[in-house]
Every structure is written in structure tokens, then in C-alpha cells.
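Engineer:
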Amino acid sequence: MSLKKKGAKPTSVVTGGAGFLGSHLTDYLLAKGHKVVTLDNLVTGSVDNIAHLAGNKNFRFIEQDVTEFLFLDFDVDYLWHFASPASPIDYLDIPIQTLKVGSLGTHKALGLAAHKKAKFLLASTSEIYGDPLVHPQTEEYWGNVNTIGPRGCYDEAKRFAEAITMAYHREHKVDTKIVRIFNTYGPRMRLNDGRVVPAFVSQALKNKPLTVFGEGKQTRSFCYCADLIEGIYRLMMSSTNLPVNIGNPSELTVLDFAHEIIKATGSKSKVVYRPLPQDDPRQRKPDISRAKKILKWEPKVGLGEGLIKTIEYFRGKV
Ligand code: UDP
-10 MSLKKKGAKP TSVVTGGAGF LGSHLTDYLL AKGHKVVTLD NLVTGSVDNI
40 AHLAGNKNFR FIEQDVTEFL FLDFDVDYLW HFASPASPID YLDIPIQTLK
90 VGSLGTHKAL GLAAHKKAKF LLASTSEIYG DPLVHPQTEE YWGNVNTIGP
140 RGCYDEAKRF AEAITMAYHR EHKVDTKIVR IFNTYGPRMR LNDGRVVPAF
190 VSQALKNKPL TVFGEGKQTR SFCYCADLIE GIYRLMMSST NLPVNIGNPS
240 ELTVLDFAHE IIKATGSKSK VVYRPLPQDD PRQRKPDISR AKKILKWEPK
290 VGLGEGLIKT IEYFRGKV
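For the sequence shown, our numbering assigns the number -10 to the initial residue and increments by one for each residue that follows.
1) Taking 7 angstroms as the cut-off, is the C-beta of residue 82 nearer than that to any heavy atom in the ligand UDP?
2) Can you tell which of 178, 245, 18 and 144 has the C-alpha that lies nearest to the C-alpha of residue 49?
3) Output the boundary residues of the alpha helix (DSSP H) element that contains residue 263.
4) Please name the residue, chosen from 71, 120, 142 and 157, that lies closest to residue 104 on a Cα-to-Cα basis.
5) State the Cα-Cα distance for the pair residue 223 and residue 181, rounded to the nearest angstrom.
6) Alpha carbon to alpha carbon, what distance is there between residue 100 and residue 106?
7) With the cut-off set at 8 angstroms, would you say residue 98 and residue 163 are in Cβ contact?
8) Could you check the C-alpha separation between residue 192 and residue 25 for me, to the nearest Å?
9) Please state whether DSSP places residue 96 in a helix, a strand or coil.
10) Quick check on DSSP: helix, strand or coil for residue 61?
11) Compare the beta carbon distance of residue 22 and residue -5 with 8 angstroms and say whether it is the shorter of the two.
12) Tell me whether residue 207, by its Cβ, gets closer than 7 angstroms to a heavy atom of the ligand UDP.
13) Where do the N-terminal and C-terminal ends of the alpha helix (DSSP H) with residue 149 fall, by residue?
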């Protein structure tokens, strides 16, 4: 931690701060009294997500690819490493950038944290569990990943990111945290990022058929973004260096989810079936016992409530 005048605001750096989760984290940190510097190369992030912060004297945006050398001429207290594509269609479009940001980008971000003596938090993912053979997924589970499949670039980059984070913790004594983020939704998701929430909501709002992949029997558990950010903040402020799952354990099938969206939007849409993408995990649900115990955290926003806010956002976009 840098030497600071008593009462001075802590400084947070958020990589990927113009993205969906990075921008919500930025808002949260500003509300908590941090100065926030956002780094983003805008490959999947957007200035629209941070435009409302223009003119805020505690906020600064630097357009920067975090796989390049990072130089910042100010003290940093917290480094939140969120930069990464996060949608299966991005992994297909830009697999090399996905691998580079998870590996080289995490290396640079850790190097910066070590140099600044900042606390470091890695945004990892439930994808490190791959197509899980253990259900629900506990942090002890090592995963079942196809290294050479279409999602391998993301899954393996994040697995490498976890490994190098622990190496910096053990060798350089960086105070590191790892959050494994499960499916999260809310305002500021990219309309065309192909993930199930923007896809179904925009299809429903246009009264077009909802494209259910496979038979829709695969399961997911959806966490509202505000719940997730609260859990992640608690993790950074905690003393644990172990990975922690943050997500909503309320599990449902993709087909049931499609019907929930049709109901919540009041849409006339029907469901159509499309081929299941390769290596699509068949089931996913976080075991959040560790978060409950260590962080005293659990999600508060139910699917109905979260969908109302999300649908409101997408109504203005479609
Ligand atoms: N999915 C779907 N239709 C779509 C988009 C996604 O049925 O138009 C399914 C997808 O096959 C997966 C689930 O919804 O089983 C969640 O997909 P998403 O891309 O949101 O994230 P994932 O959890 O697979 O990383």
C-alpha cells in the first residue's frame, strides 16, 4: 500500500473498465470514495459505458492495450484486472487477443501491482471448470477443459491467469485475489455479443423467435451485476488469497430461461432450436459456501427483479 495522507482517497486501476462489469465496478468504486483510472483498448468495451463519468474529477480513462507495457506515474492501491473478451462469439472471432489478454495482459497487470505494492484482483471465470463433471462447482474442483476446442483460448488463458496470479503471490508476495465469475447479466451488456441474455432479450423485444441452442436442457445460473460487484468488492477487501466463486446458485435450463424472458418482456415470441455449439457446458451452478463464509456474501436480486432492469436497458437499444 502506498504512503498516503490520512483521509486521502484510495486509487483503483480497473483494466477493462469500459466493459460491462468493469464499468459497473468503476461506478461502485467511485461511490465508495475511490479515485478510479480505467484502462481499456475498447476492443469489446465501449466509451458509452463510461460516458456518464466525463468531467468527474475522480475518474480518468486511458485508452491502453493491457498486453503492452503498463506505465502509470501515480500510486496505486488496488488493481482490478477485468480486461478480456467474455463471450463465446468473441472467442471465435478474436482467439489470439483473448489468449494474449489473459496471459500477457495478466502478467503486465501483476507486474504493475507488484511495482506499486497494490492489492490485485483477477477476474477469473466459471469457464475454468470447463464442462464440469462435479455439480455444483466448488473451488476445489480442477475442471474439465478441452484445451484445443473453440472455448479453449478463453478457458486456458484464464487458467494460466490464475496460475501466474498465484505465482506472483507466492514469489513476489503480491496480495492477490481470484474471483471466479459465473454467468452475470444486467445493463451495459453488448447487444450483439451473442450471449444468451442480450440475445434472448433483444429477440423477445422484437417479437422474433428466441434461438435456443440444442434442446435447451443445458443449465446456467444467472447473477445480477450489482450483486456480483458487491461480492467482488468484499473479496478485494478480505484477507483471503484463495479463489472464490461469485454467482447466483439459482439454476435453470436455457429453455426455461427463454420462457422467463418471454414472460418478463410480454413478448409474442416463440422458441426455435439451433445447433448446440461445440463444448457448450451442460450444467453450471456455483457452490457459494466459501463466499458466504469468508465474505458474508450472497446474492439478493432475484431473476424477476434483475430482468426488469435489464429489459429496461435493452428497450432503449434495440
Ligand atoms: N444460448 C442459447 N441461445 C443463444 C445464446 C446462447 O441457447 O442465442 C445458450 C448457450 O448455448 C449456453 C447458454 O445459453 O448454453 C449460455 O450461453 P452464453 O453465451 O450466455 O454463455 P456461456 O455460459 O455459455 O459462457
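Every residue gets a Cβ at the ideal spot worked out from N, C-alpha and C, and that includes glycine.
Structural biologist: The structure says:
1) Translated into positions along the sequence shown, residue 82 becomes position 93. Incorrect: residue 82 has no Cβ contact closer than 7 angstroms to the ligand UDP.
2) The count along the sequence shown starts at 1 and reaches residue 49 at position 60. The candidate whose alpha carbon is nearest that of residue 49 is 18.
3) Within the sequence shown, numbered from 1, the residue matching residue 263 stands at position 274. Unbroken run through residue 263 is the beta strand (DSSP E), 260 to 263; no alpha helix (DSSP H).
4) By one-based count along the sequence shown, residue 104 stands at place 115. The residue with the shortest Cα to Cα distance from residue 104 is 157.
5) Sequence index remark: in the sequence shown, residue 223 carries index 234 (1-based). Sequence index remark: in the sequence shown, residue 181 carries index 192 (1-based). So the two alpha carbons sit approximately 31 angstroms from each other.
6) Here residue 106 refers to the residue found at position 117 of the sequence shown. Here residue 100 refers to the residue found at position 111 of the sequence shown. If you take the alpha carbons of residue 106 and residue 100, they lie about 10 angstroms apart.
7) Within the sequence shown, numbered from 1, the residue matching residue 98 stands at position 109. Within the sequence shown, numbered from 1, the residue matching residue 163 stands at position 174. No, the pair does not count as a contact, with Cβ atoms beyond the cut-off.
8) Residue 192 sits at position 203 when you count from the first residue of the sequence shown. Residue 25 sits at position 36 when you count from the first residue of the sequence shown. Cα-Cα distance, rounded: 35 angstroms.
9) Here residue 96 refers to the residue found at position 107 of the sequence shown. In this structure, residue 96 counts as helix in the three-state DSSP scheme.
10) Position 72 of the sequence shown holds residue 61. Correct three-state label for residue 61: coil.
11) Indexing the sequence shown from 1 puts residue 22 at position 33. Indexing the sequence shown from 1 puts residue -5 at position 6. Not closer than 8 angstroms, so no.
12) Working through the sequence shown from its first residue, we reach residue 207 at position 218. It does: the Cβ of residue 207 is within 7 angstroms (strictly closer) of some heavy atom of the ligand UDP.
13) Your numbering for residue 149 matches position 160 in the sequence shown. Per DSSP, residue 149 belongs to the alpha helix (DSSP H) from 141 to 161.
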